[in-house]
Structure formats: structure tokens, C-alpha cells
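Protein chains in written order, with my numbering: chain A, 1 to 226; chain B, 1001 to 1226.
We put the beta carbon where it would ideally sit given N, CA and C, even for glycine.
Everything on this sheet refers to the single structure shown next.
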DNA sequence: CACGTGCTTAAAAAATCCTTAAAAAAGTTT
DNA sequence: AAACTTTTTTAAGGATTTTTTAAGCACGTG
């Protein structure tokens, strides 16, 4: 369940994002009207939460443009409590619901779930490749009905591989992505973790393995392929 | 939780009444504007659902009169999809929310609970998962005929788990949802409460337990599953 | 075969989590 | 308002898991 959040006030934006993510929604946050249009055209959202007052292009314009382009995603408008007239304008331009600021957590969640019509339903998003599936919620790696629990770092590394199954990653690549820019991890750290993961892949009897190319890096490989 | 339903179309009125009664609300149905005023003055309702088009006295007038008499009960207006301008008028006269016909059950329930909950009241339904049932009214957690009383915070945490039984919550998630955005609760607070709840789950001999995945979060687990 | 590079493992170190007890705060009752 | 109860927070020690470190072995390439 993907939500596009358009709100220029950073503090509020972060608060809303956290609340929604806490309930399992995936949230992209942008901070002005033009980006909102770009994002909304770029991918399929299940809901757009749209502040009225925005830099570059206000909320009304955003809805109007989207509707003109036949993008029918439900839109929830945020307006200041005083500006009741906004409600009308927004609704005339094609918004589906409005909510006045400030609002409380429960109200937000109620309206969001009303608009997405998926009350209580769970949203599971997994990444997969060949016979492997990685559960992004629990960091469990599954294969042939079996599953193993990955640790946080194993998870980060595996996620990288599964998102880019054909790519070869240098050790530095892996360090930056799984350990972070600041980290002082060494090549040996990577080797150790590759070893951990290989052990788990073997246990799962997966057709996928991690291949090393000397001095170049690691990538996924499927037995019987090349 | 008492609701006054004002809708002259008998078939629709009965449908709404049934839906709401199914969720534990008590519903009085009347069929014109004058009766609406009588009833609303006669007893305390938690919510009035008000059609715009009514015999004798239309919906707008009803809200206006009630507000003038300092009756602040939340009002949810029903309008035909085409009559967007009604929304404005209704809101200006003091309605709290509107809904366009036709609408679906989930939407109705979401709005009704948003409006009734806003006044701090608790809903009547229970949440359940596997052998557990959480009474939202009393915060009692039941299992196999036994039951234990949860404290406020235990209740908030458990509610979150039961509403999203498959989801994994980070400690931050739990803090935001159970303690609130502003709170300065630490990870340790969460750990302590998880421990409290686990003790109660054990006492109830439930098949459900709370599993931790290091550095990732907590989620419900059913013994014998995975 | 020798060198660099990668693999594996064990153990040390660090981080995270669990549990409990006691202090503080909030809520009740008398 | 004081005494009591319950809930929530804080704190500390121990248990567990993850991550790092380090050392010896294996492997392939030149």
C-alpha cells in the first residue's frame, strides 16, 4: 500500500510519515507541488495526501492537473482549520476527502483507511529471485517451504543482492550499502558475512549461490546457469 | 453509543440501521426534519447522521437549528454525489463531516467511528487473533475463558499487535503508536512493556506469543507456526 | 609453487534484549 | 488533603545474539 505525502512543513511531514509507516504503509514524502506531480505520474499510488499550501504549485492545482491527466488516485487534502472555503475548492477540483489541521492520529488513520478501503489488511512486500524470497518485514529468507532468520547485516547484504540479482558488487559497495558510509568495516567483515549467508543458502538448499570473482566482487549465481 | 439516523428513504435507512447495529451502535431512525429536531433535543446522541433532502425541514436547517440551541453533537451529512455544493453549505452550518451517496459499508463505519471516537469514547467491537480477544471497552484480554486486565499502555501496545497481527513493529513504531509522537519514551520502556505483556500471555496460556527479531522488531507469533 | 586473495572458524567485543526491583507519577478512596 | 493503589518510568545486572577481530587454511593465477 503506497502513499504519496505532499507537505512542505518538514516536521509535520516526518510525523505523518512515521505514523503511517508504523501501520505498514509505504510512504514517499515530497515537499512541493511540482515534485508531487512528477511522483504521482511516475508510479501508482493508492493514496495522495496533499497539503493545500505548497511551494511552486498549490494543492488545488496539483489535483486539477492530475485529474486532467486522468489520474484517479484518491486524494486527501490537508487544510488549516480556519480555511473552510478551501474544502470546497479542493473538492470541486476533484479531491476525495479533506482534513483540517491539526488532526489526531486516529482521525488520520481512519480517513486513510476509508480511502484505501483496506481496513486491517496486511501489506506484505517481499523481494524474490529464483527460488528465494526475502521477507522485508521479518528478514526471513525462504526457499522450498523452509526459512531461516537473517540478522540485520545479513539482511542488508541479501537485500542488496536480491534487488539487483544480476549485478556484481565490490566489497566497498557492500560495505557502503550494508554498513554505511561512515563505517570502518574491513574487507574481512564482508568475507565473514558472505560466509554466513552461504551457510544459510546451503541449509535452504537453494539453487542460488554467491559467486566471487577475484578482485572484482560478488554476485548471485544460479546453478546450471552462467 | 447512540446514533440518530435521519433519512427519508426507507430502504436506505433500514440498511444503514442494520449495518450500525451490527457493530453495536444503538440507532433511532426518523424520517423527516421536524422529528429529527424533537429527538435530538429529547435525548443525548453521540452522533447524528443527516440526509440533506428531507421532508418538512431540510438537513441544513436541522443543523442550523441544533447549533443555535447549543447542541454540539457531531453531525455527519449525507448528500447526493452530484450536489457538491451541498457539502459547503452543510459544513458552514456546522456539520462535522459529509459523505456522498452511494457509499460503502467500510466508508460509513470509518467515518462514524472517526466522529464518535473524536469525543474520546471507545468503540464497542473487539479485536481478536487466534485464541486471543481484546475487549476494547474494558481493556481485558481474554483467552480460553480466562481473562486479565491490561493497563492503558499494555492495551495500546496489544491493540496495535492485534489490529496488524502479521506485522513487525520496530520499537520506534511502538513508541509512536502507544506512547505518542511527542513522548520521550526509550527502547527500555518498550522492552519492559513487552515483558509485562508476555507474562500475561503466559498466564492466559495463549498460543500466541511476542517474538523479537534482533534489531528489527517485534511481532506476534503462533506456537506451531512460522 | 608462491603470492595474493578469499574462505572459514573460533573467540572476543559490542550491542541488544530480558527481567526484576524500586522510585516516581498518576489515580482512588477515605 | 492524606493514605493507599495502580501504573509508568527508571535503572541495573545478566543473558543472548550479533558483529568484529584475528588466525590459519584453501584456492587459483601468474
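At a cut of 8 Å, does the segment 51 to 68 of chain A reach the segment 144 to 158 of chain A through at least three beta carbon pairs?
no
Per DSSP, what kind of secondary structure is residue 30(A) in: helix, strand or coil?
strand
Cβ pair residue 75(A), residue 48(A) closer than 8 Å:
yes
Looking at the C-beta of residue 113(A), does it have a partner C-beta in chain B at a distance below 8 Å?
yes
Rounded to whole angstroms, what is the Cα-Cα separation between residue 1122(B) and residue 1022(B)?
Reliability of the predicted coordinates at residue 1122(B) is poor, the pLDDT of 35 falling under 50, and the value obtained from them is presented with this limitation in mind. Within the model, the alpha-carbon separation for residue 1122(B) versus residue 1022(B) is close to 16 Å.
Could you work out which residue in 1068(B), 1136(B) and 1142(B) is closest to residue 1130(B) when comparing CA atoms only?
Nearest C-alpha to residue 1130(B) among 1068(B), 1136(B) and 1142(B): 1142(B).
Meets three-Cβ-pair contact criterion under 8 Å: the segment 1023 to 1037 of chain B and the segment 189 to 207 of chain A:
no
Taking CB distances under 8 Å as the criterion, tell me whether residue 219(A) reaches chain B.
At least 8 Å separates the CB of residue 219(A) from every CB of chain B.
For residue 22(A), the first and last residue of its enclosing alpha helix (DSSP H):
10 to 22
Classify residue 1257(B) as buried or exposed, calling it buried when 16 or more other Cβ atoms lie within 10 Å of its own Cβ.
For residue 1257(B) there is no data in the structure shown, the boundaries of chain B being 1001 and 1226.
Residue 227(A) - partner residues in DSSP beta bridges
An answer regarding residue 227(A) cannot be provided, because it is not within the stretch 1 to 226 covered by chain A.
Let me confirm a value: residue 1073(B) is counted as buried when at least 16 other C-beta atoms fall within 10 Å, else exposed. Which label applies?
buried
Using a 10 Å radius around the Cβ and a threshold of 16 neighbouring Cβ atoms, would you call residue 1171(B) buried or exposed?
buried
Under 8 Å, CB to CB, which of the residues in the segment 1125 to 1158 of chain B have a partner in chain A?
none
Buried or exposed: which applies to residue 1195(B), given that a residue is buried once 16 or more other Cβ atoms fall within 10 Å of its Cβ?
exposed
Using 8 Å for Cβ pairs, my map puts residue 1211(B) next to residue 1203(B). What's the rounded Cβ distance?
Not quite, the Cβ-Cβ distance comes to about 18 Å (not below 8 Å), so this is no contact.
Residue of 97(A), 101(A) and 126(A) minimising C-alpha distance to residue 237(A):
In the structure as shown, chain A starts at 1 and stops at 226, and residue 237(A) therefore has no counterpart that could be examined.
Any C-beta of chain A under 8 Å from that of residue 1003(B)
no
Output, in chain order, the set of chain A residues within a Cβ distance shorter than 7 Å of residue 1015(B).
Going along chain A, no residue has its Cβ under 7 Å from residue 1015(B), so there is no contact; the nearest lies around 18 Å.
Which residues in chain B sit within 9 Å of residue 95(A), going by Cβ to Cβ distance?
None at all; the shortest Cβ gap to chain B is about 11 Å.
Beta bridge counterpart(s) of residue 1064(B) as assigned by DSSP
In the DSSP output, where bridge partners are listed per residue, residue 1064(B) has none listed.
Is the shortest distance between the beta-carbon of residue 1080(B) and the beta-carbons of chain A less than 8 Å?
no
Within 8 Å (strictly less), CB to CB, does residue 110(A) reach chain B?
Judged by the 8 Å Cβ criterion, residue 110(A) is in contact with chain B.
Status (buried if at least 16 other CB within 10 Å, exposed otherwise) for residue 186(A):
exposed
Curious, which full-length alpha helix (DSSP H) runs of at least 4 residues does the segment 1139 to 1181 of chain B contain?
Entirely contained in the segment 1139 to 1181 of chain B, the alpha helix (DSSP H) runs reaching 4 residues are, in chain order, 1152 to 1163 and 1171 to 1174.
Put residue 1198(B) into one of helix, strand or coil per three-state DSSP.
Note: residue 1198(B) maps to helix in three-state DSSP.
Contacts of residue 1077(B) in chain A (Cβ-Cβ under 7 Å)
Simply none; closest approach about 13 Å.
Residue 58(A) in three-state terms, based on DSSP:
coil
Is it buried or exposed, residue 79(A), if we count other Cβ atoms within 10 angstroms and call 16 or more buried?
buried
Counting C-beta neighbours from all protein chains within 10 Å, is the total for residue 1006(B) 16 or more, i.e. buried, or is it exposed?
buried
Local Cβ density within 10 Å of residue 1167(B), reported as buried at 16 or more and exposed below that:
buried
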